[in-house]
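Have a look at the structure below before the remarks.
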Amino acid sequence: MVSSNQLRRDHANMARLLHILVLRHKNLKQGERPDFHLIREVVDYILEYMDGFIMPLERLYSEHLLAKDPEAEALSRRMGEDYQALRKRLNLLSKTLDMILMDAVVPMERFIEDLKTYLDAHIAYLKLERDQLFPFLREQLTDAQQKEFLKMLPAAAQDNLSRLREDYPELYAEFKAAPSPFE
1 MVSSNQLRRD HANMARLLHI LVLRHKNLKQ GERPDFHLIR EVVDYILEYM
51 DGFIMPLERL YSEHLLAKDP EAEALSRRMG EDYQALRKRL NLLSKTLDMI
101 LMDAVVPMER FIEDLKTYLD AHIAYLKLER DQLFPFLREQ LTDAQQKEFL
151 KMLPAAAQDN LSRLREDYPE LYAEFKAAPS PFE
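Position one of the sequence shown corresponds to residue 1 (UniProt numbering), numbered consecutively onward.
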């Protein structure tokens, strides 16, 4: 099952990136100053990834499943609402990072709280995917349908991890060392 393996891999990769941010959050709470440029790279990567892969994939699945199974509507609506809230939190975090990197005065407590709020929301979103969306998709779609959906995604979405390795070598090294939730 190409699609379910792809979803599983992408889910694990996002969990690894969030793990990197969780470690930075812990450092911040202990009074250490993290590499804000590295945090910026993670946030930028997640923003691009969400736009280029997650939203198109979930939109394709939702549209197909809504036509096929009316019970999918509640899950689709919740996923959409959760995604929009997650996106707002990530955009707020991104703006705060911009201010920090431009040497604006930003209370560190505010940044720590923004980061925590975002992390909690994204971790909950991954749990929703893992516990509800992925099992639902496995039940409703054939292997052939899953493969077709992957072909419909934007071509650039498949290259995100390669770009991470090339554009952010320090981040990629830490990403590879982070634990996978599926190992």
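By construction, the Cβ of each residue, glycine as well, lies at the ideal position given by its N, Cα and C atoms.
Keep in mind the model is a prediction, meaning the values are calculated, not measured.
Where residue i falls, given that 16 or more other Cβ within 10 Å makes a residue buried
i    : result
R165 : exposed
Q146 : buried
L23  : exposed
M108 : exposed
D114 : buried
L17  : buried
M14  : buried
L93  : buried
Endpoints, the alpha helix (DSSP H) within which residue i is located
i    : result
Y172 : P169 to A177
T96  : A72 to L101
D69  : Neither: D69 is in no alpha helix (DSSP H) and is coded neither H nor E.
R110 : M108 to L128
L141 : No alpha helix (DSSP H) holds L141; DSSP gives it neither H nor E.
D35  : Segment: none, D35 is in no alpha helix (DSSP H) and carries neither H nor E.
Contacting residues, own chain, Cβ-Cβ under 7 Å from residue i (five flanking each side not counted)
i    : result
V106 : T96, M99 and I100
Y118 : R89, L90 and L93
M1   : At M1, the pLDDT of 37 sits below 50, so the modelled position is not reliable; the number obtained from the coordinates is stated separately. Here the set comprises D143 and Q146.
Residue i: CB within 8 Å of a non-hydrogen atom of the ligand COA
i   : result
D69 : Absence of the ligand COA is noted for the structure shown, with no ligands found whatsoever.
Quiz item: Taking three-plus beta-carbon pairs below 8 Å as touching, is the region 127-142 in contact with the region 40-52?
Solution: With the cut-off at 8 Å, the region 127-142 and the region 40-52 do not touch.
Practice problem: Evaluate the contact criterion for the region 108-119 versus the region 75-85: three or more CB pairs, one atom per stretch, below 8 Å. | Solution: Look at the beta carbons and you see the region 108-119 not touching the region 75-85: under three pairs across the two are nearer than 8 Å.
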